[in-house]
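Asker: Under our numbering, the sequence shown is numbered contiguously, ending at residue 174. All C-beta atoms in this analysis are idealised placements derived from N, C-alpha and C, irrespective of residue type, glycine included.
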Amino acid sequence: MQKNINIQNKKARFLFEIIDTYTAGIVLTGTEIKSIRSSKASIAESFCEFNEQGELFAINMTIEEYTFGNYYNHRPKAERKLLLNKKELKKLLKEVQTSGLTIIPLRLFINEKGFAKVDIALAKGKKLYDKRETIKDRDNKRDLDRVKKIYK
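#1: Mind reading off the beta-carbon distance from Gly147 to Leu37? Whole number of angstroms is fine, and I expect it under 8 Å.
#2: Going by DSSP in three states, Ile102 sits in which element: helix, strand or coil?
#3: Expressed to the nearest angstrom, what Euclidean distance is found between the alpha-carbon atoms of Glu54 and Lys103?
#4: Assuming Tyr151 is part of the alpha helix (DSSP H), what are its boundary residues?
#5: Distance check for Leu105 and Ile172, CA to CA, integer angstroms please.
#6: Can the beta-carbon of Glu86 be found closer than 8 Å to that of Ser57?
#7: Alpha carbon to alpha carbon, how far is Asp161 from Lys170? Give it in angstroms, no decimals.
#8: For a quick check, are the C-beta atoms of Val140 and Ala66 less than 8 Å apart?
#9: Considering just the uninterrupted stretch of the beta strand (DSSP E) at Lys139, what are its terminal residues?
#10: Taking the CB atoms as reference points, tell me whether Asn82 and Tyr88 lie closer together than 8 Å.
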């Protein structure tokens, strides 16, 4: 078993422009945390949504079933409640409703105390030309690093 778990959403920074980030706790059952500790989770297609009571939930987060679990095992794509302060929840809800922004998970990790946490971001979707510009900047930086390496 691995010591530090760090499951990332690699596409998120390419598809979205990150405006603000938060660290949220996540409500899990016993077999879910065991699967996360063995790195059997994915947040690639997931997003966050508010329900009628103003609670934040992670949708489409995949946590594979625990291999040694019995009939008490969890559902892999269940909605999972995220835990934030009331002030942060109100701020996020206001931003989502007024600006049309979205909330996406960036990273799923286990902190020093052993609790599962999710880094979420308030984000705005990028246009196609923004994505092309990101690719171009990445290529230019790679070429520049190669030239610097040659002349060192």
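Answerer: In short:
#1: 7 Å
#2: Here residue 102 is Arg; the residue named in the question, Ile, does not match the sequence. Three-state DSSP puts Arg102 in a strand.
#3: 13 Å
#4: It spans Leu150 to Ile172 - the alpha helix (DSSP H) in which Tyr151 sits, taken as one unbroken run.
#5: 49 Å
#6: yes
#7: Distance between the alpha carbons of Lys170 and Asp161 is about 14 Å.
#8: no
#9: Ala138 to Gly147
#10: Contact flag unset, no.
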